[in-house]
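Following our numbering, the numbering of the sequence shown begins with 5 at its first residue and continues without gaps.
Using N, Cα and C, we set each Cβ at its ideal position, and we do this for glycine too.
The model shown is predicted, which means the values in this text are computed figures rather than measured ones.
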Amino acid sequence: MELLECAQQDSQLQAFIAIAGITAEDLCLLQQAAPKIVPIVPEVVDLLQANLLQQEQIAAKLGQAYGNYAAHLGQWLTNLFSGPHDADFLRQQEELGKQNVQHKIPPLYNAFIMSFLRAALPHSFGKNAIAREFPDGALTAATLRLLDFCQYLTDRAYTTRLLEVTGISKSLLDRLMTA
Numbered sequence: 005m006e007l008l009e010c011a012q013q014d015s016q017l018q019a020f021i022a023i024a025g026i027t028a029e030d031l032c033l034l035q036q037a038a039p040k041i042v043p044i045v046p047e048v049v050d051l052l053q054a055n056l057l058q059q060e061q062i063a064a065k066l067g068q069a070y071g072n073y074a075a076h077l078g079q080w081l082t083n084l085f086s087g088p089h090d091a092d093f094l095r096q097q098e099e100l101g102k103q104n105v106q107h108k109i110p111p112l113y114n115a116f117i118m119s120f121l122r123a124a125l126p127h128s129f130g131k132n133a134i135a136r137e138f139p140d141g142a143l144t145a146a147t148l149r150l151l152d153f154c155q156y157l158t159d160r161a162y163t164t165r166l167l168e169v170t171g172i173s174k175s176l177l178d179r180l181m182t183a
């Protein structure tokens, strides 16, 4: 089952995808661009690693959790573009969020990495003349939407854990957050 079909079974995912504007065309575009993007993944990973080395605490925590974090990130980025974007992809993204929670990776670290990728990937697309092969920023837009989707799935894992630890209901948390 394709990712967008799977999301129809979850009202929150369905709403996120609709509002974010993620389409089947986005997912096809990412897979179409994958042969050009995958070769630049190591460049993006190296840029992130250079930034992580400036933040020793973050680098140490990610290293403890994932061993070779650069290899982990490289594989994740490769899968992000090459797909397939199906039920397994969705499960893998959800599992990654759960792993971050289990490894006690602070949400700030995930936000930092995703923020970095939102800037670094479009820059690398331009620098390597990949973006201009696709119309009107479509590649960058599709990439950013899928990164947002993946971050949302990780954030959901953190929220689920927060509810477990505090023993409060989702509706109470929602009321507390919007009071």
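Report task. Please find out if some non-hydrogen atom of the ligand ZN comes closer than 8 angstroms to the beta-carbon of Val169. Result -> This structure lacks the ligand ZN; in fact it carries no ligand of any kind.
Report task. With a 10 Å radius around its C-beta and 16 neighbouring C-beta atoms as the bar for buried, classify Gly101 as buried or exposed. Result -> Start at 1 with the first residue of the sequence shown, and residue 101 comes out as number 97. Result: buried.
Query raised in the report: Can you list, in chain order, the residues of its chain whose CB lies under 6 angstroms from that of Phe20, leaving out five sequence neighbours each side?
Result: Start at 1 with the first residue of the sequence shown, and residue 20 comes out as number 16. Within the same chain, and ignoring the five residues on either side of Phe20 in sequence, the residues whose Cβ sits closer than 6 angstroms to its Cβ are Tyr156.
Report task. Grab me the residues of Ala24's own chain with a C-beta within less than 7 angstroms of its C-beta, minus the 5 sequence neighbours each way, in chain order. Result -> Counted from its first residue, the sequence shown places residue 24 at position 20. Beyond the five residues adjoining it in sequence on each side, Ala24 comes within less than 7 angstroms, by CB distance, of Arg149, Asp152 and Phe153 in the same chain, given in chain order.
Query raised in the report: Ser128 to Leu176, Cα distance in whole Å?
Result: Translated into the one-based positions of the sequence shown, residue 128 becomes position 124. Translated into the one-based positions of the sequence shown, residue 176 becomes position 172. In a straight line, the C-alpha of Ser128 is about 43 angstroms away from that of Leu176.
Query raised in the report: What's the C-alpha gap between Gln61 and Gln68?
Result: Translated into positions along the sequence shown, residue 61 becomes position 57. Translated into positions along the sequence shown, residue 68 becomes position 64. Going from the Cα of Gln61 to the Cα of Gln68 covers about 11 angstroms.
**Report entry** C-alpha distance - Arg136 paired with Gly130, whole-angstrom precision
**Finding:** For the purposes of this step, residue 136 is taken as the residue at position 132 of the sequence shown. For the purposes of this step, residue 130 is taken as the residue at position 126 of the sequence shown. In this model, Arg136 and Gly130 are separated by some 7 angstroms (Cα to Cα).
Report task. Please confirm if Leu81 has its CB atom under 9 angstroms from at least one CB of chain D. Result -> Given the protein chain composition of this structure (a single chain), no chain D is represented.
Query raised in the report: On the three-state DSSP scale, how would you describe Asp90?
Result: On the sequence shown, position 86 is the one that residue 90 refers to. In the structure shown, Asp90 adopts extended strand secondary structure according to DSSP, grouped into three states.
**Report entry** Cα-Cα separation between Ser86 and Gln35, rounded to whole angstroms
**Finding:** Looking up residue 86 in the sequence shown gives position 82. Looking up residue 35 in the sequence shown gives position 31. One C-alpha to the other measures close to 5 angstroms.
Query - Endpoints, the alpha helix (DSSP H) within which Glu60 is located - result: What you label residue 60 is simply residue 56 of the sequence shown in a count that begins at 1. Per DSSP, the continuous alpha helix (DSSP H) segment holding Glu60 begins and ends at Glu60 to Tyr70.
Requested in this report: Using only alpha-carbon positions, find the residue among Thr170, Ala183, Asp50 and Gln103 that is nearest to Leu125.
Outcome: For the purposes of this step, residue 125 is taken as the residue at position 121 of the sequence shown. Minimum Cα distance to Leu125 is reached at Asp50.
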